[in-house]
Amino acid sequence: MITKTPISELNSRMERFRAVMDECNPGWEMAVVFSKVNLYYFTGTMPEGMLLIPRDDEAVLWVRRSFERAQDESLFPLIKPMGSFRDAAQTFNNIPDTIYLETEFVPLAFYKRFQKYFPFESVKPLDRQISFLRSVKSRYEMEIMEKSGVIHRRILEDRVPKILEEGMSEAEFAAKLYSVMVGEGHHGIARFNMFDTEILVGHVCFGESSVYPTYFNGPGGNYGMSPAVPLLGSRERRLKKGDLVFVDVACGVDGYHTDKTMTYMFGAPLPDEVVTVHKKCVDIQNKIAAMLKPGMIPAEIYKDVMESLDENFKHSFMGFKERRVKFLGHGIGLQVDELPVIAEGFSEPLTDGMVLALEPKKGIENVGMVGIENTFKVTEQGGVCITGDNPGLIPVF
1 MITKTPISEL NSRMERFRAV MDECNPGWEM AVVFSKVNLY YFTGTMPEGM
51 LLIPRDDEAV LWVRRSFERA QDESLFPLIK PMGSFRDAAQ TFNNIPDTIY
101 LETEFVPLAF YKRFQKYFPF ESVKPLDRQI SFLRSVKSRY EMEIMEKSGV
151 IHRRILEDRV PKILEEGMSE AEFAAKLYSV MVGEGHHGIA RFNMFDTEIL
201 VGHVCFGESS VYPTYFNGPG GNYGMSPAVP LLGSRERRLK KGDLVFVDVA
251 CGVDGYHTDK TMTYMFGAPL PDEVVTVHKK CVDIQNKIAA MLKPGMIPAE
301 IYKDVMESLD ENFKHSFMGF KERRVKFLGH GIGLQVDELP VIAEGFSEPL
351 TDGMVLALEP KKGIENVGMV GIENTFKVTE QGGVCITGDN PGLIPVF
């Protein structure tokens, strides 16, 4: 049975989009959406096509493939088939001089093909406006994310300890974990806004693998399958007694994600000093969570937390050695890396309905990445976790 986004939800999103465009870009005449994630947000389906939004007329979802599927899946009011951009262009007597589109997504060759039939003179971005809309979740969206959080907690806190076996490779563990996740209700993919980034499972690491350098903009790392597949578990690194196991994976339901990292001590306890560092990261998560209230400024949260840490702890905090990221958490929803970000430069206040993943972590040489990550709702009482409350370093002896 197809789960359809309610028409009331779609109408609300379009109304909010138009209001934001009127506020940020007075005089705008036409916007166009191409990316499949944003198409899904506005229409409830992911076709090859585009959503044309004239300021003074109805928005139209133009679909190349598959028009039949879009009709089955979507309650969007106006869906039309097209063979090419020409079909849509012929319905307009005048094309505006300026069109707003997703400049972070549209490649130059695609842009030129579109401009051939829509001969506008200039383009302006609408990425920030859509990101702002998506950062505030409706009750409908929040309920889906809460379902994902329940599944996520069960997988990482209850199921993972039962599938860890001495001698298994990271790749074997990743394959078993993926099977468990899909069986529990995960939608099977982790989507990122980050350019040219692809992840099927996530960072699934044994020991020092979790601090090996990668291109991914996050605290952890892993050896990967090969230079061609750097973000999947290694076939060579095998689990042995005394290993720290680091699992940083996204889970999702009906397109909406939660993010969670859990750590495990396999076969033997880790040294006390490692446990102490890990607990400090958990304390930092809880401190940030307490500040996730409407009106709080992400940049000020980041500054407050970072200034509270001593210089020794900052070494390899949020990474390993010099490879460190400059954030403590990030928004999450249809993509894992959304607005807002707990980092310098993010001065827009938090609002009710935002959801953030908090991930204080620290790399330790010859041990791996300790720390934690969970997904929280912004509320008047502070962040409410939707992915479980286990502090990590779960013993698997």
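Residue numbering for the sequence shown follows the numbering used here, beginning at 1 and increasing consecutively.
Don't be surprised by glycine CBs; every beta carbon is placed ideally from N, CA and C.
7 Å Cβ shell around residue i - same chain, five flanking residues per side excluded
i, result
"V136", "T351, G353 and M354"
"V275", "L393"
"E73", "I2, K4, G44 and T45"
"G185", "I151 and V253"
"M14", "F42 and A59"
"R134", "Y41, G333, L334 and E338"
Closest Cα partner of residue i within the set the options
i, options, result
"S12", "L309, V277 and Y140", "Y140"
"G331", "F120, M145, D272 and T43", "M145"
"G383", "P391, N390 and N374", "N374"
"L156", "A89, F192, L334 and V247", "V247"
"N38", "E166, I53 and N217", "I53"
"D337", "R191, P47 and E48", "R191"
"S226", "S148, A171 and Y178", "A171"
"P47", "I79, M21 and M30", "I79"
"C385", "Q285, F173 and D304", "Q285"
"N390", "K321, E344 and D283", "D283"
"S138", "D22, R16 and N366", "R16"
"L356", "V367, L339, G368 and L239", "L339"
"G220", "V229, M291 and G202", "G202"
"F92", "Y111, F110, P119 and A109", "P119"
"K124", "D57, E143 and C24", "C24"
"I372", "D304, V229, E9 and T263", "T263"
"F114", "L51, G27, V204 and F216", "L51"
"N217", "V341, M142 and R55", "V341"
"V305", "E344, L334, E273 and Q335", "E344"
"A174", "D56, M30 and V249", "V249"
"D56", "Q71, P77 and E29", "E29"
"N222", "C205, F110 and D158", "C205"
"E273", "K303, E365 and Y111", "E365"
Residue j beta carbon less than 9 Å from that of residue i
i, j, result
"L244", "G207", "yes"
"V182", "V160", "no"
"Y41", "I130", "yes"
"L328", "E359", "yes"
"P294", "T387", "no"
"S210", "G363", "yes"
"M265", "V396", "yes"
"F313", "K280", "yes"
"M21", "L126", "yes"
"V367", "L270", "yes"
"F376", "A289", "yes"
"K240", "E166", "yes"
"S169", "R237", "yes"
"K361", "F317", "yes"
Own chain partners of residue i with C-beta closer than 6 Å, once the 5 adjacent residues on each side are dropped
i, result
"R323", "P213"
"I163", "K176"
"F67", "P81"
"G188", "V182"
"H278", "V370 and L393"
"I7", "L75"
"E121", "D97"
"T251", "It should be pointed out that residue 251 corresponds to Cys in this sequence rather than to Thr. Cβ neighbours of C251 beyond the five flanking positions: S148, I151, H152, H186 and T258."
"A19", "none"
"G49", "W62, V63 and R64"
"Y178", "V201"
"I9", "Looking at the sequence shown, residue 9 is not Ile but Glu. Excluding sequence neighbours, E9 sits near Y140."
"P26", "none"
Same chain only: Cβ atoms within 8 Å of residue i, ignoring 5 sequence neighbours per side
i, result
"Y117", "S84, F85, R86, A88 and A89"
"K326", "M318, A343 and E344"
"N94", "none"
**Study point:** Contained alpha helix (DSSP H) runs [length at least 4] in the segment 14–58, N- to C-terminal order
**Key:** Within the segment 14–58, the complete alpha helix (DSSP H) runs of at least 4 residues are 36–43.
**Study point:** Completely contained alpha helix (DSSP H) runs for the segment 53–135, where each covers 4 or more residues
**Key:** Fully enclosed alpha helix (DSSP H) runs of 4 or longer: 67–73, 85–89, 108–117 and 127–135.
Exercise for review: Tell me the start and end of each unbroken beta strand (DSSP E) in the segment 288–345 that is at least 3 residues and wholly inside, in chain order.
Suggested key: Restricted to the segment 288–345, the beta strand (DSSP E) segments that are unbroken, complete and at least 3 residues in length are 329–331 and 338–342, listed in chain order.
Exercise for review: Assess, as a yes-or-no matter, whether the segment 303–312 is touched by the segment 94–103 under the definition of 3 or more beta carbon pairs within less than 8 Å.
Suggested key: Because the criterion of three Cβ pairs below 8 Å is not met, the segment 94–103 and the segment 303–312 do not touch.
Practice item. Flag this pair as touching only if the segment 296–305 and the segment 186–201 have three or more C-beta atom pairs under 8 Å; answer yes or no. Key: Contact fails: fewer than three Cβ-Cβ distances are below 8 Å.
Exercise for review: Run through the segment 356–390 for me and flag every whole beta strand (DSSP E) of 3 or more residues, listed as ranges in chain order.
Suggested key: Correct list: 361–364, 368–371 and 374–377.
Exercise for review: Tell me, please, whether the segment 31–40 touches the segment 102–117 by the rule of three or more beta-carbon pairs shorter than 8 Å.
Suggested key: Under the Cβ criterion (8 Å, minimum of three pairs), the segment 31–40 counts as touching the segment 102–117.
Check your understanding: Curious, which full-length beta strand (DSSP E) runs of at least 3 residues does the segment 248–285 contain?
Key -> 256–266, all fully within the segment 248–285.
Exercise for review: Could you pull out every unbroken alpha helix (DSSP H) segment of at least 4 residues lying fully inside the segment 160–234, listed in chain order?
Suggested key: Qualifying alpha helix (DSSP H) stretches, in chain order: 160–163 and 170–184.
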